[in-house]
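Here is the structure we will look at, set down as structure tokens.
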Amino acid sequence: MSFNIIVLAKQVPDTRNVGKDAMKEDGTINRAALPAIFNPEDLNALEQALQIKDRFPGTKVTLLTMGPPRAAEIVREGLYRGADGGIVLSDRAFAGADTLATSYALATAAKKIGDFDIIIGGRQAIDGDTAQVGPQIAEKLGLPQVTYAEEITDIKDGKAIVTRRIECGVETVSCPLPLVVTVNGSAAPCRPRNAKALMKYKRAASLTEVAGDQAKIDYIEARPYLKVQEWNAAYVDADLQQCGLAGSPTKVKGIENVVFTAKDARNVPATDEELEGLIKELIANHTIG
Amino acid sequence: MSDQNNLIVYLEYEDGKVADVSLELLTKGRSLASQLGIKLEAVVAGDKLEGIEKQVFPYGVDRLYKVQDDRLYPYTSLPHSSILINLFRKIKPQIAFMGATSIGRDLGPRVSSCLHSGLTADCTSLEIGSHTDPKTKKDYDNLLLQIRPAFGGNIVATIVNPDCRPQMATVREGVMKKEILDPDYKGEVVELDVNEYTSPEDFVVEIIDRQVAKSKVNLKGSPIIVAGGYGVGSKENFDLLQQLADTLGAEVGASRAAVDAGWVDHDRQIGQTGVTVRPKLYIACGISGQIQHIAGMQDSSIIISVNNDPAAPINTIADYVITGNIEDVLPRLIKYYKKNSK
Chain A
796 MSFNIIVLAK QVPDTRNVGK DAMKEDGTIN RAALPAIFNP EDLNALEQAL QIKDRFPGTK
856 VTLLTMGPPR AAEIVREGLY RGADGGIVLS DRAFAGADTL ATSYALATAA KKIGDFDIII
916 GGRQAIDGDT AQVGPQIAEK LGLPQVTYAE EITDIKDGKA IVTRRIECGV ETVSCPLPLV
976 VTVNGSAAPC RPRNAKALMK YKRAASLTEV AGDQAKIDYI EARPYLKVQE WNAAYVDADL
1036 QQCGLAGSPT KVKGIENVVF TAKDARNVPA TDEELEGLIK ELIANHTIG
Chain B
5 MSDQNNLIVY LEYEDGKVAD VSLELLTKGR SLASQLGIKL EAVVAGDKLE GIEKQVFPYG
65 VDRLYKVQDD RLYPYTSLPH SSILINLFRK IKPQIAFMGA TSIGRDLGPR VSSCLHSGLT
125 ADCTSLEIGS HTDPKTKKDY DNLLLQIRPA FGGNIVATIV NPDCRPQMAT VREGVMKKEI
185 LDPDYKGEVV ELDVNEYTSP EDFVVEIIDR QVAKSKVNLK GSPIIVAGGY GVGSKENFDL
245 LQQLADTLGA EVGASRAAVD AGWVDHDRQI GQTGVTVRPK LYIACGISGQ IQHIAGMQDS
305 SIIISVNNDP AAPINTIADY VITGNIEDVL PRLIKYYKKN SK
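Those protein sequence lines, which keep their order, are chains A and B. Quick note: the first sequence uses my numbering, first residue 796, plus one each step. Quick note: the second sequence uses my numbering, first residue 5, plus one each step.
Given below as structure tokens:
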């Protein structure tokens, strides 16, 4: 028994290092100005896919990412860790998409891939924290979904057994294949790069990345496993009215930088007298005690 | 007032009680509905729903839709989505709210995808306002302005859905205030037949085990919070915070960085992606003051910052700043509290 798994991965700006030029005037993100990383929870999702591949040899793990051509970087990262191939869904028509238009584009690509048993991705991406794209893809494909997954513990009789970690505890559900799963950040961390895979895939690239370098193009064309696929809107038969800004019901009305009102802080030197004085004051005004 | 075009809140219900987050949304929904001159509606799907209206009418609910079936509890995605999708097609709400919980964040996207309506996650503020499309110059009045942090909390974005309905939003627990409108408020109950709103195929996902562990952490209700950040340095040092909290009768909270480091459990996280708190006293230990954290505690009455970095951003919103190491400062705070309290 083996399965075809699509891992949804997103290359995200590292929101822990945001500078002033991070936003464009139209309210969308200026990705070029920021370090780009593999969305952390998508790595947890990749690990779940790889664990299924360990248990069911012959399972094929395909990364699917939507973004600019440089997103091929995270496909390579996935290959280094044990994925079998990857697709970058890239088209100017997808630019400015909200979660609904994003899920539409990814769902059309999943349909193009066709023969899959599981679509798995992180619960949410750190640049938006919305957790919407997974369930929306499931809806667009007419599939059941299991969100907040901690582990896919087994697949038997055409059903996946998944544990979920939610506010009120832990739940184990059984869900028929094919299905969409989104994985929590508290799930098992992704295995590191594998030395053999690193050697095998270090020259993996998309044709955009090697454009103009005939020697590299020839090298990749002669070794199809090294070719990071690039699909555009036309290739996946996407309806342009449902893509990008045009397909997004939500619009950004405005963006503000976050400014907090500063208070007049009283500095309390860390001496015994001052600390005891502070405690006495807080007791006296009934803040504590 | 019409039976369509109203504001509706999806209610979460567990152990015979409507969830706080749902009551908070009803409070917000009531005030927005009154502003728009429309009805406040609510929908609940589950088992053992007898008498639930008594819990929600005081919040000003004009109409409660109830779908009763033992298969609807515990929550699963497909039947609850189908109920909302089919109900929304019929009653065409202009606005729909749900909690930004593991349920609301599972359900909302599915419903919005099917209805092609916009959904804004984790809003921190909801208002009614106007909007002019920058390209077409078309004016829109009485839109829901959905305000949310984005980009790791570094910016606040205002989102609108000009043309698609319902305008949907999720809000985390504790962000909005819960307030009874009128204990004698009278609404109407409309019972819906589960078979008209779901199909048998909606029940393919089976819950085979459910370990409910009620969180013992009550950050929202605690008048004093001792919170630690990455600067606490280790899991062991968090014991010091626990000792101070035990001494003061406080709860221990944490920033995302400390939770990510594995020093504290997830349910103690304070900030935009955790809980929003408004205690009487907030003691921030080794917390630098990332925007995403400050947004979840800035309404605390008194803030004390204990940090060895005098330039830590959190100090700008603190009332008292103690510059020092927590290993050094916290034991002395405990000592002097014990000495001076009666």
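Note that the Cβ used here is the ideal one computed from N, Cα and C, for glycine as well. Quantities reported herein were computed from a predicted structural model and do not represent experimental measurements.
Distance, residue j Cα to residue i Cα
i	j	result
B/Met5	B/Leu40	Residue placement at B/Met5 cannot be trusted, given a pLDDT of 44 that sits under 50; the coordinates are not used to answer.
B/Gly232	B/Val279	14 Å
B/Lys224	B/Glu177	9 Å
B/Ser129	A/Lys991	51 Å
B/Tyr69	B/Phe61	12 Å
B/Lys190	B/Ile229	39 Å
B/Lys43	B/Leu27	16 Å
B/Leu36	A/Arg850	53 Å
B/Leu148	A/Arg918	26 Å
B/Thr124	B/Val221	28 Å
A/Asp1013	A/Glu1025	17 Å
A/Arg865	B/Leu82	36 Å
B/His270	A/Ala1010	51 Å
B/Thr174	B/Ile107	11 Å
B/Ser203	B/Gln302	46 Å
B/Ile99	B/Ala261	35 Å
A/Ile827	A/Phe833	For the record, residue 827 of chain A in the displayed sequence is Ala; it is not Ile. Approximately 15 Å, taken between the alpha carbons.
B/Gly112	A/Ala840	22 Å
A/Val968	A/Arg959	8 Å
B/Asp332	A/Gly980	34 Å
B/Asn90	B/Gln296	37 Å
A/Ile800	A/Val957	15 Å
Residue i at chain A interface by Cβ criterion, 7 Å
i	result
B/Ala23	no
B/Val263	no
B/Met5	In this prediction, B/Met5 scores a pLDDT of 44, lower than 50, which makes its location untrustworthy; the coordinate-derived value is nonetheless stated afterwards. By this cut-off, B/Met5 is not an interface position.
B/Asn241	no
B/Gln215	yes
B/Ser81	yes
B/Glu210	yes
B/His135	yes
B/Ser259	no
B/Val164	yes
Short CB-CB distance (under 7 Å) between residue i and chain B
i	result
A/Glu1071	yes
A/Pro930	yes
A/Ala892	no
A/Val807	no
A/Val1005	no
6 Å Cβ shell around residue i - same chain, five flanking residues per side excluded
i	result
B/Thr327	Pro314
A/Arg871	Ala999
B/Asn10	Ile42, Lys43, Glu45 and Pro97
B/Val198	Val71 and Asp73
B/Ser285	The amino acid at residue 285 of chain B is misidentified as Ser; the sequence shows Leu. So the list reads Ile228 and Ile306, once near-sequence residues are dropped.
B/Gly20	none
B/Thr80	Val209
B/Val310	Cys289, Ile326, Ile330 and Val333
Outcome for residue i when other beta-carbon atoms lying within 10 angstroms are tallied against a minimum of 16
i	result
A/Ala1041	exposed
A/Ser885	buried
A/Ala1074	The displayed chain sequence assigns Ile, not Ala, to residue 1074 of chain A. Result: buried.
A/Met861	buried
B/Ser238	exposed
B/Ile212	exposed
B/Pro283	buried
A/Gly873	buried
B/Arg109	buried
Whole-Å CB distance - residue i paired with residue j, under 8 Å assumed
i	j	result
B/Met172	B/Ser117	With 8 Å as the limit, B/Met172 and B/Ser117 do not qualify as a contact, their Cβ atoms being about 11 Å apart.
B/Thr251	B/Tyr341	6 Å
A/Ala944	A/Ala982	7 Å
A/Ala905	A/Ile932	7 Å
A/Leu895	B/Gly122	7 Å
B/Leu15	B/Val47	7 Å
A/Ile913	A/Phe798	6 Å
B/Asp101	B/Gly33	One point to set straight first is that residue 101 of chain B is Phe, not Asp, in the sequence displayed. Right, their Cβ atoms sit about 6 Å apart.
Contact with chain C by residue i, beta-carbon distance below 7 Å
i	result
B/Cys127	Although the question refers to chain C, the structure presented lacks it and instead comprises the protein chains A and B.
Same chain, Cβ closer than 7 Å to residue i, neighbours up to 5 away in sequence not counted
i	result
B/Pro317	Ser292 and Gly293
B/Ala104	Ala125, Asp126, Thr174, Val175 and Arg176
A/Asp922	Val807, Pro808, Thr810 and Ile824
Residue i beta carbon near the ligand GTP (any heavy atom closer than 6 Å)
i	result
B/Ala100	Annotation note on the ligand GTP: not contained in the displayed structure, which lists no ligands.
Contacting residues, own chain, Cβ-Cβ under 8 Å from residue i (five flanking each side not counted)
i	result
A/Thr925	Thr894 and Gln919
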